[in-house]
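Residue numbers (this note's numbering): 37 to 430.
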């Protein structure tokens, strides 16, 4: 008889988004389901040049430090230090295999089974997978138009809840697209200091702003914040370069776990990323291009959905990132059921239920505008409208 799996596997399921990417891979389907950067915006030629430079150094194909290439950590420390308003050194930064690994390692470092973790509602699905695998007691706090409802969080704390971790996607939230307002950042930091929980500030989208940069990170306001970010959305996912910084004890513990997890990252991709991120003139122009192109696409999608649905839907106004959150006003429409009809009409999305913790979000859907041109997005909105009409009549 085959042995059973570990208890931590109970209740774990494949990400709905990963499953949908397979469904949406059909050539006749316009996928608004993923969260992928447009391949046309990935600087492949510049990456090739940096790879050639890196390969001239034998160290680029050898094992490296567990915490990451020193040159890359120097670059990241300078960039992150400028964001939080205080100096950081290479020893303050741990480079990880994407920011998802950083989140996974932090969960192992900070959480014991049964510890309470508070996430935002709706939640980033990758965080839910990590915290459930850590056997945490996952609770949620609602998101408002200006980010986490920290007053509600305070109420939970005053009622006696004692979380170990509060997780926030502070800039251009996945899936909601909202930005945590300055006052709410200050409130969250003050609550962390008062009640002693850790804040994991997850920020893969902060550089992709359309109308102006987001407020200073929560990490600028409290030593109880561990900040994560990534090069995947601004350079290339295949580099697998993420990072974290925060409390030195936490970083040292992450390093110990990472030694057992993968020994070290890729010296080659670390050198490539260091070359790209340290070339500030080139990087500035590259980011300007991304912001302009993604911003145009965000407006095209929001306008298309608004024009198609009218008062039948409420569409978030994306000021950055990659996502528009849409809520159908007809509460009887279940977007999980709508999805198959939508695929039949040649468009895919992620149902809101994929992001639910305490709420179902059954009438909501997440739409990604990053990988399609403006014309395609306008057409996708029309397909979605046709699917909605057919589904409502069925």
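C-beta: ideal position from N, C-alpha, C; glycine also. Keep in mind it's a predicted model, so treat the numbers as computed, not measured.
Span of the beta strand (DSSP E), counted from its first residue to its last, around residue i
| i | result |
| --- | --- |
| residue 247 | Segment: none, residue 247 is in no beta strand (DSSP E) and carries neither H nor E. |
| residue 400 | 400 to 404 |
| residue 350 | 349 to 351 |
| residue 154 | 152 to 157 |
| residue 203 | 201 to 204 |
For residue i, the three-state DSSP class (helix, strand or coil)
| i | result |
| --- | --- |
| residue 173 | strand |
| residue 233 | coil |
| residue 48 | coil |
| residue 217 | coil |
| residue 315 | coil |
| residue 238 | strand |
| residue 212 | coil |
| residue 24 | Because residue 24 is not part of the residues shown, which for the chain are 37 to 430, the question remains open. |
| residue 393 | coil |
| residue 369 | coil |
| residue 149 | coil |
| residue 139 | helix |
| residue 103 | coil |
| residue 72 | coil |
| residue 191 | helix |
| residue 273 | helix |
| residue 61 | coil |
| residue 378 | helix |
| residue 78 | coil |
| residue 226 | helix |
| residue 334 | helix |
From the options, residue whose alpha carbon lies closest to that of residue i
| i | options | result |
| --- | --- | --- |
| residue 324 | 121, 275, 356 | 356 |
| residue 274 | 133, 422, 88, 42 | 133 |
| residue 360 | 337, 170, 72, 387 | 337 |
| residue 221 | 266, 343, 186, 71 | 186 |
| residue 101 | 147, 90, 300, 198 | 300 |
| residue 269 | 399, 353, 208 | 208 |
| residue 179 | 168, 213, 195, 167 | 213 |
| residue 67 | 425, 401, 426 | 401 |
| residue 45 | 137, 93, 171, 125 | 171 |
| residue 312 | 61, 112, 72, 63 | 112 |
| residue 64 | 284, 352, 378 | 378 |
| residue 433 | 354, 416, 342 | Residue 433 lies beyond the residue range present for the chain, which begins at 37 and ends at 430; the question has no answer from this structure. |
| residue 164 | 136, 374, 183 | 136 |
| residue 387 | 69, 419, 196 | 69 |
| residue 193 | 223, 426, 250, 148 | 223 |
| residue 384 | 365, 407, 322 | 407 |
| residue 488 | 83, 316, 155, 276 | Since the first and last residues shown for the chain are 37 and 430, residue 488 lies out of range. |
| residue 162 | 148, 138, 173 | 138 |
| residue 280 | 331, 244, 128 | 128 |
| residue 210 | 263, 326, 416, 71 | 71 |
| residue 147 | 289, 364, 87, 240 | 289 |
Beta-carbon contacts of residue i that lie in its chain and below 6 Å, excluding the five residues immediately before and after
| i | result |
| --- | --- |
| residue 205 | 160, 238 |
| residue 37 | With a pLDDT of 49 at residue 37, under the threshold of 50, the predicted position of this residue should be treated as unreliable, though the coordinate-derived value follows. Cβ neighbours of residue 37 beyond the five flanking positions: none. |
| residue 370 | 398 |
| residue 189 | 177 |
| residue 107 | 310 |
| residue 125 | 113 |
| residue 110 | 126 |
| residue 255 | 120, 237, 261, 263 |
Beta bridge counterpart(s) of residue i as assigned by DSSP
| i | result |
| --- | --- |
| residue 359 | 404 |
| residue 383 | 66 |
| residue 279 | 131, 265 |
| residue 178 | 157 |
| residue 184 | 179 |
| residue 364 | 349 |
Sequence-distant residues of the same chain with beta carbon closer than 8 Å to residue i, five excluded per side
| i | result |
| --- | --- |
| residue 293 | 141, 144, 145 |
| residue 97 | 91, 303, 304 |
| residue 295 | 102 |
| residue 198 | 152, 231, 233 |
| residue 228 | 202, 234, 235, 258, 260, 261 |
| residue 47 | 168 |
| residue 7 | The chain is shown only over 37 to 430; residue 7 falls outside these bounds and no answer can be derived. |
| residue 412 | 66 |
Residue interval of the alpha helix (DSSP H) (run including residue i)
| i | result |
| --- | --- |
| residue 424 | 410 to 429 |
| residue 287 | 284 to 298 |
| residue 110 | 106 to 120 |
C-beta neighbour in chain E for residue i, strict 8 Å
| i | result |
| --- | --- |
| residue 398 | As a matter of chain content, chain E is missing from the structure shown, which is built from one protein chain. |
Own chain, CB closer than 7 Å to residue i, minus 5 neighbours either side, in chain order
| i | result |
| --- | --- |
| residue 157 | 176, 177, 178, 179, 393, 394, 395 |
| residue 436 | The requested residue 436 is not part of the displayed model; the chain covers only 37 to 430. |
| residue 314 | 111 |
| residue 410 | 332, 333, 336 |
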